[in-house]
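Step one of this worksheet: look at the structure below.
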Ligand code: ADP
Ligand code: MG
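Residue numbers (our numbering): 6 to 257.
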């Protein structure tokens with residue numbers, strides 16, 4: 006039997022629902038993400054994209070449904086993986102970089118490995134330096150975040166997430182808060198990561214990135230997955246009227 010036939014999914018979501026108060030925001034999401042796959046999620050503001058990502062690493066508790074990582078059920082809580090283990094398998098990068106302002110770049114990157122992973126300091130520093138090199142910021146090792154541009158801060162935030170050796174990286178509009186001229190340097194780092202085989206789920210409005218880098222695109226609207234497929238299909242042959250309208254509004 007071929008190995009791929011039996012491979013478990015990096016992420017599998019079934020019937021995921023999430024309500025805030027009496028408003029249902031996610032109304033039944035099914036999602037399968039393969040190991041090494043790059044999936045971009047697109048859709049109008051308010052469609053539930055951030056809520057979905059936040060449910061995936063249990064920053065929000067789903068109202069119903071199941072979520073598993075590599076075959077381990079993480080929701081409903083099964084005891085096989087605790088919250089801390091889930092969080093350490095999943096790196097998350099937000100629109101706002103949220104670096105510690107009173108810590109240097111290096112100290113931002115080594116903080117979680119030291120505290121959560123209990124790594125020894127020399128090891129944590131060595132790893133952090135190699136990640137800073139990877140995102141092109143080794144020379145900023147000892148400065149504070151306030152002296153960095155937004156693009157540089159976001160690259161540090163990516164290095165910080167990678168320092169925990171995540172199996173999956175989630176990105177929620179990582180370039181939306183950046184000045185246009187700084188977007189490219191962050192997308193480049195993400196593109197390199199994708200090329201290395203990282204499993205990535207990226208909520209983005211950067212349609213060129215989605216077209217070039219995604220293996221698959223998911224279009225969400227009003228709390229459901231309306232359409233999904235490879236970029237060539239999603240961009241050239243949208244099936245639903247909603248996706249057609251969305252693409253017209255973002256691509257002009
Ligand atoms: P998107 O990321 O696609 O723009 P969100 O997931 O942020 O959408 O939001 C979807 C809907 O859920 C919005 O109507 C938003 O107001 C609502 N929402 C998100 N978070 C909360 C919350 N913590 N409490 C109440 N409503 C929320
Ligand atoms: Mg959002």
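Think of the CB as a built atom: it goes at the ideal place given N, C-alpha and C, for glycine as much as any other residue. Keep in mind the model is a prediction, meaning the values are calculated, not measured.
Looking only at its chain, what residues have a beta carbon closer than 8 Å to the beta carbon of residue i, apart from the 5 residues adjacent to it on each side?
i, result
"residue 137", "110, 111, 114, 143, 145, 146, 161 and 164"
"residue 233", "221, 222, 223, 224 and 239"
"residue 7", "The predicted model places residue 7 with a pLDDT of 47, which falls under 50 and marks its position as unreliable; any figure quoted below should be read in that light. So no residue of the chain qualifies."
What distance in whole Å lies between the Cβ atoms of residue j and residue i, which are believed to be in contact at a cut-off of 8 Å?
i, j, result
"residue 99", "residue 177", "5 Å"
"residue 32", "residue 208", "The Cβ separation is near 18 Å, so there is no contact."
"residue 206", "residue 58", "7 Å"
"residue 94", "residue 173", "6 Å"
"residue 243", "residue 256", "Not confirmed; about 11 Å, so no contact."
"residue 61", "residue 175", "6 Å"
Nearest by alpha-carbon distance to residue i: which of the options is it?
i, options, result
"residue 139", "190, 32 and 212", "190"
"residue 19", "27, 34, 30 and 25", "34"
"residue 42", "242, 244, 240 and 196", "196"
"residue 186", "155, 203, 202 and 200", "155"
"residue 56", "83, 150 and 21", "21"
"residue 108", "224, 153, 29 and 74", "153"
"residue 89", "245, 169, 127 and 232", "169"
"residue 50", "91, 120, 30 and 200", "30"
"residue 240", "227, 219 and 228", "219"
"residue 192", "129, 229, 217 and 59", "217"
"residue 135", "167, 237, 60 and 149", "167"
"residue 80", "224, 26 and 72", "72"
"residue 96", "48, 117, 87 and 201", "117"
"residue 150", "104, 48 and 204", "104"
"residue 188", "63, 211 and 204", "211"
"residue 204", "26, 66, 63 and 75", "75"
"residue 171", "181, 202 and 182", "202"
Suppose the cutoff is 7 Å on Cβ atoms and the five residues either side in sequence are ignored; what does the same chain contact list for residue i look like?
i, result
"residue 39", "14 and 15"
"residue 69", "20 and 22"
"residue 231", "224, 225, 245, 247 and 248"
"residue 215", "45, 47, 209, 222 and 236"
"residue 157", "142 and 145"
"residue 54", "46, 48, 208 and 225"
"residue 182", "100, 101 and 155"
"residue 63", "79, 80, 88 and 91"
"residue 184", "155"
Within the same chain, show all residues whose beta-carbon is closer than 6 Å to that of residue i, passing over the 5 residues directly before and after it, in chain order.
i, result
"residue 24", "68"
"residue 121", "none"
"residue 17", "37 and 73"
"residue 9", "Residue confidence for residue 9 is low, a pLDDT of 49 falling below 50, so the modelled location carries little weight; the figure read from the coordinates is stated next. Once the five neighbours on either side are set aside, residue 9 has no close Cβ partner at all."
"residue 194", "140, 160 and 163"
"residue 129", "115, 118 and 119"
Every unbroken alpha helix (DSSP H) inside the segment 35-88 [4 residues or more]: 54-61
By C-beta, the residues closer than 5 Å to any heavy atom of ligand 1, given in chain order: Cβ atoms closer than 5 Å to ligand 1 belong to 25, 30, 50, 51, 52, 53, 54, 55 and 56.
Enumerate, from N- to C-terminal direction, the unbroken alpha helix (DSSP H) stretches of 4 or more residues contained entirely within the segment 163-222. 185-200 and 212-218
Within the segment 93-139, ranges of the alpha helix (DSSP H) (whole runs, at least 4 residues): For the segment 93-139, the continuous alpha helix (DSSP H) assignments of 4+ residues that do not extend past its boundaries occur at 110-120 and 126-139, in sequence order.
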